[in-house]
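Read top to bottom, the protein sequences are chains A and B. Using my numbering, the first residue of the first sequence is number 16, and each one after it goes up by one. Using my numbering, the first residue of the second sequence is number 989, and each one after it goes up by one. Beta carbons are placed, not taken as given, at the ideal position from N, Cα and C, and that holds for glycine. All figures in this text were calculated on a predicted structure; none of them were measured in a lab.
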Amino acid sequence: MKSYLNFIFNAHLPFVRHPEYEKFLEEDWLYEAINESYIPLLRMMRKLHAEEVPFKLTFSISPTLACMLSDPLLKERFSAYMEKHIELGEKEVNRLQGREEERLARMYLKILNENYSFWRDECGTDLLKAMNQLNNECCIELITTSATHSYLPLYKNFEIATNAQIETSVINQISTFDRYNGGFWLPECGFYPGLEEILKRHNVSWTSLAAHAFALSPEKVLRGNYAPIQCPNGLYCFARDFNLSSLVWSAEEGYPADPDYREFYRDIGYDLPLDYISPYIHEPNVRVFTGFKYWAITGKTADKVLYNPEKAQAKTKLHAGNFLYNVSSRTRSVDGILDTNPCYTISFDAELFGHWWFEGIAWLENVIRLAAESKDIELTTASDFLTETDRIQKLTPGFSSWGSGGFSQVWNDHSTNAWLLRHCFKSVERMQELAVRFPAQTSLKKRFLSQAARETLLLMASDWPFMIHNHTTEEYALKRITGHIENLNLVYDNMSKNAVNTEWLVKAEKRNNIFPHIDYNIFNPEHLKEPSLVYTAEYQKL
Amino acid sequence: MLLLNIGTLSDSELKYMAEQEGIEDWEDMDRDELIENLEELYGDSSDESSPLYGNYRFVKGLTDVPPGSISLPGVTPLPESYNDTDLYAVIKDSNWAYAMWSISHLKEEELREKSMNLRLRVSAGDHSYDIEVGYEDSSWNIELPWPGKTYTISLIATDKVVDSDGVEGEGTEEEICSAGNLCCPDFYFINHVSQLKNKNTFKLIFDPLFTNGGVLVKNNIVDRIFSQVIADRKKGEKK
């Protein structure tokens, strides 16, 4: 039997863009992810492609991330971020001269210079273009996710809002990339029976679900997660393989916890005296990660041993081999039981690779190289695999997510974030009401209402309740939620008085400039009776 | 996205975090106490999406957003309520939903004047049950005891009547607001555990749900199905 590996990487960050500040701390999430994950992943894939090593991987680029990656202001700020970090690298090389850590400082400086040069010179500051090229070469398959990474089961009773999330994202995908095969990453793998109808309306052909989605179906699943299923309406679904994903993802058993790998949390941003590090952290002396980390995980102790990159690289080869050994073992164990070649769907957040797990990209490269040499293991994408198999069961997956508890507990938690829901639902209703009361507006009012649509979509992001649930950047999440609701209410109140607050509009459009071509009429229930705008977008592209 | 393994931090970092978080007597605490307090504060992360990092990176103090600075010109603060009468309900997990409601000032005044009592009615087909609530309540966790049914949750006002013997009873009812279309999920294998006696079927379904170390994906229904299979097997072995 042959094993098919369907790797899916979810690249997503919430829309964080604050032109009103010279420097804004939460924007660093983007810069860190670009420098530590997206650029290194692209460089690795380009290298493999140049060497003609075959590979197939799937990347979901969230619309919020895509908008930020192409935003001129954020690009300018990323450039400043890189220059500042290169300056710190040079300072570190001098500080550590003659010490064991010096070669690590040099390593980081080299990576920073190479990444910056790749972004600026090779990609012309346009990472989406670089992704598009690999997409066109069919090395990767680019898919999308809901417009602002909204957790859709919360909005089950608000079809118009769910529809707006999906329609906006697919249109964004079609206009951003040359090729789109109809793959859709469900945020947090959140699915409920019925969602397939909205996805299919926008020509989505397949999606990926939580590990237990098939086991929790109201019908009997025949092949477990070893094969995709097809919903009665034709949408294909792939369920995550928890066993193989856990080899990377598990806190206890995962490869990234190996003592030889680099310790993420020991960073000079926290360890060095303020008078030295203050120009490279946030004002006023707010310590942050700088990316300069010299210690290995070692164990659950504060006494860390110095990081040894060669030793860590050797481990990535061992772990890649071990991963493929596990794949083969699983396949052998179902030989004679399964009536088709197994397809293992293995999905992760893209930022795990490089950012959290420094060696993760080297591990992935080794997996690809070893798989390329193997006759029994082949990397695939969902779209490609669907052309290879006819053993597909008709089944409706069960309500599920990959969050804690496996349902909606994380985003609907009465002790932390459930209070938000009434405001979110009321906002969606108000947006819908605006679209119904003021259809087909033009000029200033159209802009005003379309900005309200942007605010509504941004409010629906799964990131804000997630942060509140986990008590991480809780204050920021609260400010974002209240800010978007207040903005929507401003439009609601003004439109009720037949007025437009132009000062607000100009500033809001500049700040929350996501989805520049959005039409607020997508929130009008009448819109559900019309063909999806996705078909118009495809037609216009042709 | 911003998660932290607290146990790996240095003592000075732990103290810094404890100070920022306002933990009392942090200066006198040893390393283990600091970790224990911080872990308690940040809770556990055990979801499928992020189990790699047991706890959370300290970021609360990093948000340098001055109060009110997010607002744009003309924006007024978030209202405490919208002065509407409505009820929303959303499914939370396999057998719980979360309901939230509001009653407009005018309506509430009217109900109070009539000394009406409030209750939530949870109904699914022929089944229903009531939960008494007060005027001060605005949300409730609702149990959905009948799998596979579609539920409606209604806020009902009832008045009291006293019969000739002086016994209090229920009088007229008025539905204030409701939310429907709440589908409580049904799971095939919960009702057909015996089909998992077949070792091949069991293997196909459960092998992808276990780590190599034997940890099952965290979900109460999967756990129930698995436990039932094991219990049935043990019964079979005894026989």
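Worksheet item: What's the C-alpha gap between Ala1167 (chain B) and Val549 (chain A)?
Response: By 1-based counting over the second sequence, the position of residue 1167 (chain B) is 179. By 1-based counting over the first sequence, the position of residue 549 (chain A) is 534. Going from the Cα of Ala1167 (chain B) to the Cα of Val549 (chain A) covers about 32 Å.
Item to complete: Consult DSSP for Gly269 (chain A) and reduce its assignment to one of helix, strand or coil.
Response: The residue labelled residue 269 (chain A) in the question sits at position 254 within the first sequence. Looking at Gly269 (chain A) - three-state DSSP - the assignment turns out to be coil, as it is neither helix nor strand.
Worksheet item: Does the distance from the CB of Ser232 (chain A) to the CB of Leu410 (chain A) come in under 7 Å?
Response: On the first sequence, position 217 is the one that residue 232 (chain A) refers to. On the first sequence, position 395 is the one that residue 410 (chain A) refers to. Cβ atoms of Ser232 (chain A) and Leu410 (chain A): closer than 7 Å.
Fill in: Whole-angstrom C-beta distance between Leu56 (chain A) and Gly369 (chain A), which should lie under 8 Å
Locating residue 369 (chain A) in the first sequence gives position 354, counting from the first residue. Locating residue 56 (chain A) in the first sequence gives position 41, counting from the first residue. Sure, about 7 Å apart at Cβ, within 8 Å.
Worksheet entry | Contact list for His227 (chain A) against chain B, beta-carbon separation under 7 Å | Against the first sequence, residue 227 (chain A) aligns to sequence position 212. Per Cβ cutoff of 7 Å: Leu1197, Val1205, Asn1207, Val1210.
Worksheet entry | Test: Asp1174 (chain B) CB closer than 7 Å to a CB of chain A | As a position in the second sequence, residue 1174 (chain B) is number 186, starting the count at 1. So, interface residue.
Item to complete: Check whether the Cβ of Thr1051 (chain B) lies closer than 7 Å to any Cβ atom in chain A.
Response: As a working mapping, residue 1051 (chain B) is identified with position 63 in the second sequence. Note on Thr1051 (chain B): pLDDT 43, under 50, position unreliable in the model; the coordinate value appears next. It does: the Cβ of Thr1051 (chain B) has a partner Cβ on chain A nearer than 7 Å.
Worksheet item: Tell me, which residues are paired with Asp364 (chain A) by DSSP?
Response: Along the first sequence, one-based indexing puts residue 364 (chain A) at 349. Per DSSP, A:Asn25.
Discussion item. Using CA atoms only, rank isn't needed, just tell me which of A:Val349, A:Leu379, A:Asp364 is closest to Asn337 (chain A).
Written reply: Start at 1 with the first residue of the first sequence, and residue 337 (chain A) comes out as number 322. Residue A:Leu379 is the option with its Cα nearest to Asn337 (chain A).
Worksheet entry | Element boundaries [beta strand (DSSP E), containing Val1078 (chain B)] | Locating residue 1078 (chain B) in the second sequence gives position 90, counting from the first residue. Unbroken beta strand (DSSP E) run through Val1078 (chain B): 1074-1079.
Fill in: Limits of the alpha helix (DSSP H) - the one that Lys125 (chain A) falls within
In the first sequence, the residue the question calls residue 125 (chain A) occupies position 110. From DSSP, the alpha helix (DSSP H) with Lys125 (chain A) extends over 117-132.
Practice prompt. Return the first residue and the last residue of the alpha helix (DSSP H) that Ile383 (chain A) is part of.
Written response: Position 368 of the first sequence, counted from the first residue, corresponds to residue 383 (chain A). Where Ile383 (chain A) is concerned, the enclosing alpha helix (DSSP H) stretches over 375-388.
Practice prompt. Count the other CB atoms, across all protein chains shown, that sit within 10 Å of the CB of His1093 (chain B); report buried if there are 16 or more and exposed otherwise.
Written response: Residue 1093 (chain B) sits at position 105 when you count from the first residue of the second sequence. His1093 (chain B) is exposed by the Cβ-count criterion.
Worksheet item: Quick one: Cα of Phe206 (chain A) to Cα of Thr497 (chain A), how far?
Response: Locating residue 206 (chain A) in the first sequence gives position 191, counting from the first residue. Locating residue 497 (chain A) in the first sequence gives position 482, counting from the first residue. Taking the straight line joining both Cα atoms gives about 27 Å.
Item to complete: Determine, using beta-carbon pairs with one atom in the segment 1134-1149 of chain B and one in the segment 1100-1112 of chain B, whether at least three such pairs fall under 8 Å.
Response: yes
Worksheet item: If you draw a straight line from the C-alpha of Lys1223 (chain B) to the C-alpha of Val1181 (chain B), how long is it?
Response: Here the question's residue 1223 (chain B) lines up with position 235 in the second sequence. Here the question's residue 1181 (chain B) lines up with position 193 in the second sequence. Distance between the alpha carbons of Lys1223 (chain B) and Val1181 (chain B): 14 Å.
Discussion item. Using beta carbons (cut-off 7 Å, strictly below), is Pro1061 (chain B) in contact with chain A?
Written reply: Within the second sequence, numbered from 1, the residue matching residue 1061 (chain B) stands at position 73. It does: the Cβ of Pro1061 (chain B) has a partner Cβ on chain A nearer than 7 Å.
Worksheet item: How about Asp275 (chain A) and Ala327 (chain A): do their beta carbons lie closer than 7 Å?
Response: As a working note, residue 275 (chain A) is residue 260 in the first sequence. As a working note, residue 327 (chain A) is residue 312 in the first sequence. Yes.
Worksheet item: So, are the CB atoms of Phe70 (chain A) and Ile529 (chain A) less than 7 Å apart?
Response: Within the first sequence, numbered from 1, the residue matching residue 70 (chain A) stands at position 55. Within the first sequence, numbered from 1, the residue matching residue 529 (chain A) stands at position 514. Taking 7 Å as the Cβ cut-off, Phe70 (chain A) and Ile529 (chain A) do not qualify as a contacting pair.
Worksheet item: So, is the C-beta of Asn1188 (chain B) closer than 7 Å to a C-beta in chain A?
Response: Your numbering for residue 1188 (chain B) matches position 200 in the second sequence. Chain A contact via Cβ: present.
Fill in: Inter-residue Cα distance where the pair is Met122 (chain A) and Met1088 (chain B)
Taking the first residue of the first sequence as position 1, residue 122 (chain A) is located at position 107. Taking the first residue of the second sequence as position 1, residue 1088 (chain B) is located at position 100. Between Met122 (chain A) and Met1088 (chain B), the C-alpha separation is close to 55 Å.
Worksheet item: Is Val1047 (chain B) close to chain A, meaning its C-beta is less than 7 Å from at least one C-beta of that chain?
Response: To locate residue 1047 (chain B), count along the second sequence from 1; it is residue 59. Low confidence applies here, because Val1047 (chain B) scores a pLDDT of 35, under 50, leaving its location unreliable and the question unanswered by this model.
Worksheet item: For Trp1089 (chain B), which three-state DSSP category applies?
Response: Position 101 of the second sequence, counting from 1, holds the residue named residue 1089 (chain B). Strand, per DSSP.
Worksheet item: If we count Cβ pairs, one from each stretch, closer than 8 Å, do we get three or more for the segment 214-228 of chain A versus the segment 245-264 of chain A?
Response: yes
Worksheet entry | Span separating the alpha-carbon of Glu366 (chain A) from that of Glu1098 (chain B) | If you number the first sequence from 1, residue 366 (chain A) lands on position 351. If you number the second sequence from 1, residue 1098 (chain B) lands on position 110. When rounded, the distance between both Cα atoms is 55 Å.
Worksheet item: Going along chain A in order, which residues have a C-beta closer than 9 Å to the C-beta of Gly1113 (chain B)?
Response: Indexing the second sequence from 1 puts residue 1113 (chain B) at position 125. Chain A residues near Gly1113 (chain B): none, gap ~17 Å exceeds 9 Å.
Item to complete: Determine the direct distance from the alpha carbon of Thr1160 (chain B) to that of Ser465 (chain A), and round the result to whole angstroms.
Response: By 1-based counting over the first sequence, the position of residue 465 (chain A) is 450. By 1-based counting over the second sequence, the position of residue 1160 (chain B) is 172. In a straight line, the C-alpha of Ser465 (chain A) is about 46 Å away from that of Thr1160 (chain B).
Discussion item. Does the CB of Tyr1076 (chain B) have a neighbour CB from chain A at under 7 Å?
Written reply: Here residue 1076 (chain B) is taken as the residue at index 88 of the second sequence, counted from 1. True, the Cβ-Cβ gap to chain A drops below 7 Å.
Worksheet item: Using CA coordinates, which residue listed in A:Gln188, A:Trp519, A:Ile407, A:Thr360 is at the minimum distance from Leu459 (chain A)?
Response: Here residue 459 (chain A) corresponds to residue number 444 of the first sequence, with the count starting at 1. Per the Cα distances, A:Trp519.
Item to complete: Assign Arg114 (chain A) to buried or exposed, taking buried as 16 or more other Cβ atoms, counted over all protein chains shown, within 10 Å of its Cβ.
Response: On the first sequence, position 99 is the one that residue 114 (chain A) refers to. That one is exposed.
Worksheet item: When the distance is taken between beta carbons, is Cys154 (chain A) closer than 7 Å to His64 (chain A)?
Response: Counted from its first residue, the first sequence places residue 64 (chain A) at position 49. Counted from its first residue, the first sequence places residue 154 (chain A) at position 139. Yes, they are a contact pair.
Discussion item. My output table needs one value for Ser1127 (chain B): the three-state DSSP class, helix, strand or coil.
Written reply: On the second sequence, position 139 is the one that residue 1127 (chain B) refers to. Strand.
Worksheet item: Name the DSSP beta bridge partners of Lys409 (chain A), please?
Response: Taking the first sequence and counting its residues from 1, one reaches residue 409 (chain A) at position 394. Answer is A:Gln245.
Discussion item. Any beta carbon of chain A sitting closer than 7 Å to that of Tyr1044 (chain B)?
Written reply: The sequence position of residue 1044 (chain B) within the second sequence is 56, counting from 1. Here the model assigns Tyr1044 (chain B) a pLDDT of 33, short of 50, so the residue's position is not dependable, and the following value carries that caveat. Yes, Tyr1044 (chain B) lies at the interface with chain A (some Cβ there is under 7 Å from its Cβ).
Practice prompt. Report the three-state DSSP secondary structure of Val301 (chain A) (helix, strand or coil).
Written response: Taking the first residue of the first sequence as 1, we reach residue 301 (chain A) at position 286. DSSP places Val301 (chain A) in strand when its eight states are reduced to three.
Practice prompt. Report the neighbours of Gln424 (chain A) on chain B: residues whose CB is nearer than 8 Å to its CB, in chain order.
Written response: As a first step, residue 424 (chain A) is located in the first sequence; it is residue number 409 there, counting from the start. Per Cβ cutoff of 8 Å: Lys1080, Asp1081.
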